[in-house]
Amino acid sequence: MDRVVIEDMIPALEQEPGFQGGMNLVNGDDGNGMMIMPWETREQAEQPLSDYGPAFLQSLAKFAAISSGDRAPILVWEVNAKV
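Count along the sequence shown from 1, add 185, and you get the number used in my numbering.
Printed below as a string of structure tokens:
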């Protein structure tokens, strides 16, 4: 799973307008993970999956094919403080 994130998903996201970087967090005990991705605008963060480019959609399909659990919903949060 880490390989798909590093080799496919991150490069695909870097092609998306407004993508500001990201952090992939993984629980080493149970394998659960989450990705935090800042975007330039709220609209870009909330865009439907169908609006993403083919590279990201393909990486998401690879990720889903090897995932053993249910995908958590995609949530949009606002940054209210930055250090």
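In this text, a Cβ means the ideal position worked out from N, Cα and C, and glycines have one as well.
What you are looking at is a predicted structure, and each value in this text was computed from that prediction instead of being measured.
Query raised in the report: For leucine 210, which beta-bridge partners are listed by DSSP?
Result: If you number the sequence shown from 1, residue 210 lands on position 25. Looking at the DSSP output, leucine 210 bridges to Met219.
**Report entry** beta-carbon valine 190 near the ligand ZN non-hydrogen atom, thresh 7 Å
**Finding:** Looking for the ligand ZN in the displayed structure turns up nothing, as the structure carries no ligands at all.
Query raised in the report: Taking the Cβ atom as the reference point for each residue, do phenylalanine 204 and methionine 222 lie within a distance shorter than 8 Å?
Result: Here residue 204 is taken as the residue at index 19 of the sequence shown, counted from 1. Here residue 222 is taken as the residue at index 37 of the sequence shown, counted from 1. Yes, the pair counts as a contact, with Cβ atoms nearer than the cut-off.
Query raised in the report: What are the residues that DSSP puts in a beta bridge with phenylalanine 241?
Result: In the sequence shown, residue 241 corresponds to position 56, counting from 1. According to DSSP, which records beta bridges pairwise, phenylalanine 241 is partnered with nothing at all.
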